[in-house]
Amino acid sequence: MDNKELVLKAAGELFGDKDPSAVDRWVSPDYRQHSALIGDGPEALRGLVADLPEGFHYELARVIADDDLVALHGVYHGFGPEPLVAFDLFRVENGKLAEHWDALTPVVRETVSGRSQTDGRSFGGDTEHSRALVSEFAQRVLQDADYSVLTDYISTETYLQHNPEAADGLAGFGAAAAKWAGEGKNLVYKTIHKAVAEGDLVLLQSEGEFGEPVAYWDLFRVENGRIVEHWDVITPIPASLPHTNGLF
């Protein structure tokens with residue numbers, strides 16, 4: 001069983017079957033938790049699974065596996081009154097879930113682009129080419145804010161947008177960024193913590209500001225040497241967490 005299969009199996013038993021005993025089969029005794037929802041260790045996760053409400057379920061959109069890291073993108077139903085779009089990132093060690101990060105945001109029913117926050121497809125590709133392109137884009141455009149090179153990385157012909165406030169295309173993104181700036185929410189990327197890549201998909205986990213300190217989770221799809229699609233979750237960084245590991 002590879003790491004992708006392991007994480008899918010574990011997540012299915014934990015959040016599909018809602019089986020607390022799955023913690024014994026799949027979770028390391030030294031499990032480190034970066035979610036703001038619960039603390040470290042298998043017992044905290046066991047308690048979360050045991051308390052999942054009737055009707056809770058998870059809808060998987062896509063999975064990205066990169067060595068010991070496996071990312072899930074999907075929607076949780078039943079954590080609260082509204083469904084939540086989520087990125088979950090797991091680190092696997094010795095056949096167990098050893099570490100977890102996540103980002104959650106409410107589902108938006110009507111988006112500017114007409115696309116949902118999770119729909120879309122992957123078509124495969126060269127993982128290392130995709131990683132290199134998106135990593136360079138992250139440095140030069142997101143961190144250094146050099147927008148003069150934007151079209152070196154993002155397609156001028158196709159840019160499908162899943163952020164609920166942005167329309168498709170570079171013009172759509174530019175209009176959304178101008179609107180956010182007018183609200184005092186400039187896109188500031190300070191640190192890129194992880195780039196998780198498989199095929200044509202690259203997930204960036206970053207830290208910065210968006211009117212307040214935030215974690216950025218950006219998923220990009222690469223095609224013909226350019227970024228052609230984007231999904232994201234932007235979540236505030238809590239002033240204090242129930243454990244000491246932080247979000248990253």
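Residues in the sequence shown are numbered from 1 upward in steps of one, following UniProt numbering.
Don't be surprised by glycine CBs; every beta carbon is placed ideally from N, CA and C.
Bear in mind the structure is a predicted one, so any value in this text is a computation, not a measurement.
Sheet register partners of residue i (DSSP bridge)
| i | result |
| --- | --- |
| residue 238 | Paired residue(s): none; residue 238 is not in a bridge. |
Where residue i sits in the DSSP three-state scheme
| i | result |
| --- | --- |
| residue 125 | coil |
| residue 191 | strand |
| residue 30 | strand |
| residue 232 | strand |
| residue 24 | helix |
| residue 248 | coil |
| residue 243 | Here the model assigns residue 243 a pLDDT of 45, short of 50, so the residue's position is not dependable and the matter cannot be decided. |
| residue 18 | coil |
| residue 3 | helix |
Cβ separation of residue i and residue j, assumed to be a contact under 8 Å, to the nearest whole Å
| i | j | result |
| --- | --- | --- |
| residue 133 | residue 159 | Going by Cβ atoms, the distance from residue 133 to residue 159 rounds to 14 Å, so no, they are not a contact pair. |
| residue 75 | residue 85 | 6 Å |
| residue 167 | residue 175 | 7 Å |
| residue 222 | residue 125 | 6 Å |
| residue 229 | residue 65 | Between residue 65 and residue 229 the Cβ distance is about 19 Å, and since that is not below 8 Å, they are no contact. |
| residue 73 | residue 204 | With a Cβ gap of about 13 Å, residue 73 and residue 204 do not count as contacting. |
Euclidean distance between Cα positions of residue i and residue j
| i | j | result |
| --- | --- | --- |
| residue 185 | residue 94 | 42 Å |
| residue 191 | residue 247 | 13 Å |
| residue 51 | residue 217 | 27 Å |
| residue 121 | residue 89 | 19 Å |
| residue 238 | residue 82 | 21 Å |
| residue 46 | residue 33 | 13 Å |
| residue 200 | residue 215 | 23 Å |
| residue 139 | residue 196 | 15 Å |
| residue 40 | residue 194 | 21 Å |
| residue 92 | residue 156 | 38 Å |
| residue 16 | residue 54 | 12 Å |
| residue 44 | residue 147 | 44 Å |
| residue 227 | residue 49 | 37 Å |
| residue 243 | residue 224 | Note that residue 243 scores a pLDDT of 45, beneath 50, so its modelled location is shaky; the value from the coordinates is reported in the next line. C-alpha separation (whole angstroms): 43 Å. |
| residue 21 | residue 98 | 17 Å |
| residue 68 | residue 7 | 10 Å |
| residue 78 | residue 102 | 17 Å |
| residue 161 | residue 188 | 19 Å |
| residue 111 | residue 234 | 16 Å |
| residue 19 | residue 170 | 45 Å |
| residue 129 | residue 104 | 29 Å |
Inset, instruction - Give, in chain order, every unbroken run of the alpha helix (DSSP H) that is at least 4 residues long and sits entirely within the stretch 34 to 119. - result: 42 to 50
Inset, instruction - Any chance you could list the alpha helix (DSSP H) runs of at least 4 consecutive residues sitting entirely within the UniProt domain "SnoaL-like" (137 to 230), in chain order? - result: 169 to 182
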